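Residue numbers (the numbering used here), protein chains in the order written: chain A, 507 to 932; chain B, 507 to 932. One structure below.
There are 2 protein chains.
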Amino acid sequence: MNNYTFINGGVTSPQGFTANGICAGVKQATSAAITKAIKANDSSVIPNGKRDLALIACDKPCSAAAIFTKNLVKSDTIYVTQKHLENGVAQAVIVNSGNANACNPDGYEKAEAMAKLAADALGIDENDVIVASTGVIGQPLPLAPIESGVNALKDILSKDGGTNAAEAIMTTDTVKKEWAVQTVIDGKTVTIGGIAKGSGMIHINMGTTLSFVTTDAAISAQMLHSALIEAADVSYNMVSVDGDTSTNDTLAILASGYAGNAEITEKNEDYKIFLQALTAAFKKVARLLASDGEGATKLLVCNVSGAADEKAAKTIAKSVICSSLVKAAMFGADANCGRILCAIGYSGAQVNDVKKIDVLYKSSAGEILVCQNGCGLAFDEEKAEKILLENEIEIIITLGDGASTAEAYGCDLTYDYVKINGDYRT
Amino acid sequence: MNNYTFINGGVTSPQGFTANGICAGVKQATSAAITKAIKANDSSVIPNGKRDLALIACDKPCSAAAIFTKNLVKSDTIYVTQKHLENGVAQAVIVNSGNANACNPDGYEKAEAMAKLAADALGIDENDVIVASTGVIGQPLPLAPIESGVNALKDILSKDGGTNAAEAIMTTDTVKKEWAVQTVIDGKTVTIGGIAKGSGMIHINMGTTLSFVTTDAAISAQMLHSALIEAADVSYNMVSVDGDTSTNDTLAILASGYAGNAEITEKNEDYKIFLQALTAAFKKVARLLASDGEGATKLLVCNVSGAADEKAAKTIAKSVICSSLVKAAMFGADANCGRILCAIGYSGAQVNDVKKIDVLYKSSAGEILVCQNGCGLAFDEEKAEKILLENEIEIIITLGDGASTAEAYGCDLTYDYVKINGDYRT
């Protein structure tokens, strides 16, 4: 039973939070192409003021937690945010797009400076600021636009500014990603809201991408951290766009406590209700991230059931979603079952009997069984094509090994993925 | 010092071997598109007699060995070949393209039937036949064209037929892959030759793709098996086109002994000379496979040095070569260093100090350092583009952890990869 309801809203929906996002000029100051265009006096290339700086703030210190990329090569923003979250308290988030502030010799100092700029503008402790960046790796972060941007942002923080914040963290995203969900905990209405950016360099095995979540629930930093890990495990950690895990991924949450519920400090029933709503929201984000993957025309959802254990189910679902050949076949609406079986076979998961694998494609246009008992079936190619021409495809895999299930989210591999990534920096 | 010389030739260069390849009609009889075209009386779609059946034979039984895909989902051809190689003896290879004979209920019986057809035609024991297939998975293998094809082939086996055999095992390959190398063992000239098919569904971690190797060296089946594993480990197992490992991969070798050297039965100096020549040939094949990867316009060679151990070096080289983002950047001649660092960071290999990583791009047009001590450098974009517009790019990564090295082979990710794989079966 669902104890939550999605509502229109985002990162400012929970009580206590305001936000906004503007064009501060980080993208312009970073791009080599822009520099070249300015030099060449070619105004056609100079971008049109895309938002690139977001500020989220609460009117009081919040309990807070975050999880990060598992990439060994990390943006210094992550080390600064980790330090700032050591005490489990934060009050604001400053985040820029256009420059990842990763692999730079002065990255740490600049990440600290970003936090201090936000803290000074808001009149709060710099240790209570979460800092994040996304964009090009290995190019110096320009601080000047962030300084002027933060000072502009502090004056326009508002309840209506969440959407601008969602827009300001976009890179190659084509749609803004924001959401809000409500549930009832301890008799009080609790709201959770968030924004996320996705698109490329997105893979399983971590809290993928940049995501900032707010809530007015009263909940300890430790329980926030647990809830992030549990919810991300079946959502963010089951999404792949291209198999690459970024240097900057940060999934952070701040809880203001304004809902007035008794503070959640252990994994009790209230925690479970909170987790259920958070997980539902994260799964929604996972689908958004996958369907807006770079160049994607289709969301792919791989459902695995009948696995020997959860690990095998997850491993297989992720392997299928990550296969370039499966992704390209889905782009071409080709009901190839060999590539699905192939991806199951090399996943590394134990499959006790490959002769018990069934594969079915499903979409709003119907469903079609293409593999039964490990063998390809003759099927109606025209029907299959019709099913696969839809923009949301379920690949349903049934094993004969046990009762475990998993779901993973991906997208098709398209000409546009190659185009976007063949020429990203310019 | 190199003790070997590449010569013009292929699978029939070693003494004792003949081969040929023809259009037997397997591709036609398999393709759903063809079936549809025939029904619709649309002769424009019916293919033009591409070769799809190859036979390689020796005039005497050979010592023989093979290594296979590690995919759990295997073509039945593999089980049949494994059974036939239990005694370390083989005399012929029959292989078709156009249909993988994988994931079929009657795959095993048909693979056995294929071997028997070849054996009967040649008048040899069916247990001395290696059988392999490549092509579409999950569609019934048509035996009739193989039966008539084998009988046609047996009459045209020749020293000149190796190139036709190389052509007959091609699927989406754009170039035939054959090679021959000579070395001197025990005072005798030893020749090794081979053919390979590649193109897609190619990944590390196994004897990737179909490859058939012949030699006139005298060498035991056990030593052949060892040499295959050792040589493949630094060649076939370091190639990735798309991260997918096939259900059918087979790398088999037959040794006639006609060179007259004292039989190699242990890992002595003669073994080392044989292995050196075999390894050089396999590395050449690895480059061929990568540069002819589906849709590829460029060969990527990733050199890693300064790693803590060989495992780390290999893991990093492979991770870089496999990154969709790196591959797309190379297609676009974009000297992005962030994606290289990112792929190093998520490879899973231990890197003791990411602040000691250097990255350099090199081609026949020059070289350019883009990352030093883990940080992106400002570099001449025009020079970098010129270097990356060549069709063979080296990505040279230097770590500061130790003295181990590795080399991996890949290709760029292009529109054509998507095109080829978006519509493979039709």
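Each residue gets a CB set at the ideal place from its N, CA and C atoms; glycine is no exception. Source: prediction; values computed, not measured.
- For residue 523 of chain B, same chain residues with a beta-carbon under 6 Å away, outside a window of 5 residues either side, are 564 and 720 in chain order.
- In the DSSP assignment, residue 869 of chain A falls within the beta strand (DSSP E) that extends over 864-869.
- In this structure residue 767 of chain A does not touch residue 862 of chain A by the C-beta definition: roughly 47 Å separates them, more than the 8 Å allowed.
- When the Cα atoms are used, residue 597 of chain B and residue 787 of chain B turn out to be separated by approximately 22 Å.
- With a cutoff of 9 Å on beta-carbon distance, residue 558 of chain A and residue 528 of chain A are scored as near each other.
- Residue burial is scored here from C-beta neighbours: residue 616 of chain B has at least 16 other C-beta atoms within 10 angstroms and is therefore classed as buried.
- The C-beta distance from residue 800 of chain B to residue 643 of chain B rounds to 16 Å, too long to meet the 8 Å contact threshold.
- With fewer than 16 other CB atoms across the displayed protein chains lying within 10 angstroms of its CB, residue 513 of chain B is exposed.
- Across the set B:900, B:595, B:569 and B:610, the C-alpha of B:610 shows the shortest separation from the C-alpha of residue 754 of chain B.
- Under the 10 Å beta carbon count, residue 802 of chain A is surrounded by 16 or more other beta carbons and is classified as buried.
- Looking only at A:810, A:716 and A:561, the smallest Cα-Cα distance to residue 518 of chain A is reached by A:561.
- Using a Cβ-Cβ cut-off of 9 Å, residue 818 of chain B does not count as an interface residue toward chain A, since no Cβ of chain A sits closer than that to its own.
- Remark: C-beta atoms of residue 701 of chain B and residue 729 of chain B do not approach each other more closely than 9 Å.
- Shortest Cα-Cα distance from residue 904 of chain A to any of A:923, A:847 and A:897 involves A:847.
- The alpha-carbon separation between residue 893 of chain A and residue 885 of chain A amounts to approximately 12 Å.
- Here the alpha carbon of residue 651 of chain B sits roughly 31 Å from the alpha carbon of residue 924 of chain B.
- Sequence-distant Cβ neighbours of residue 870 of chain A in its own chain, meaning closer than 6 Å and more than five residues away, are 896.
- Cα atoms of residue 915 of chain B and residue 830 of chain B: separation of roughly 14 Å, rounded to the nearest angstrom.
- The criterion of a C-beta distance shorter than 9 Å is satisfied by residue 867 of chain B and residue 876 of chain B.
- Boundaries of the alpha helix (DSSP H) around residue 851 of chain A: 844-851.
- Scanning its chain for C-beta atoms nearer than 7 Å, with the 5 sequence neighbours on each side dropped, one finds around residue 792 of chain B the residues 741, 742, 744, 745 and 915, in chain order.
- Annotation for residue 640 of chain B: 603, 606, 675, 677, 703, 716 and 754 place their beta carbon closer than 7 Å to its own, counting only its chain and skipping 5 residues before and after.
- Residue 917 of chain B places its beta carbon 9 Å or farther from that of residue 758 of chain B.
- Residue-level contact check: residue 881 of chain B touches chain A, since one or more beta carbons of chain A fall below 9 Å from its beta carbon.
- Following the DSSP letters along the chain, one finds residue 783 of chain A inside the alpha helix (DSSP H) bounded by residues 775-797.
- Uninterrupted beta strand (DSSP E) stretches at least 3 residues long and entirely within the segment 556-639 of chain B occur at 559-574 and 595-605, given in chain order.
- Interface criterion met: the Cβ of residue 835 of chain B is under 9 Å from a Cβ in chain A.
- Proximity of residue 648 of chain A to chain B, defined by a Cβ-Cβ separation below 9 Å, is not satisfied.
- The DSSP-derived three-state label of residue 515 of chain B is coil.
- Contact annotation for residue 526 of chain B against chain A: no contact, minimum CB-CB distance about 28 Å [criterion: below 9 Å].
- Residue 758 of chain B sits in a strand when the DSSP states are folded into three classes.
- Taking C-beta separations shorter than 8 Å and ignoring five residues to either side along the sequence, the partners of residue 585 of chain A in its chain run 614 and 617, following chain order.
- About 20 Å separates the beta carbon of residue 777 of chain B from that of residue 521 of chain B, a gap too long to meet the 8 Å contact definition.
- Beta-bridge partners assigned by DSSP to residue 898 of chain B: B:805.
- About 4 Å separates the beta carbons of residue 571 of chain A and residue 731 of chain A, which is inside the 8 Å limit, making them a contact pair.
- Across the structure, residue 577 of chain B and residue 856 of chain A are spaced so that their CA atoms are roughly 11 Å apart.
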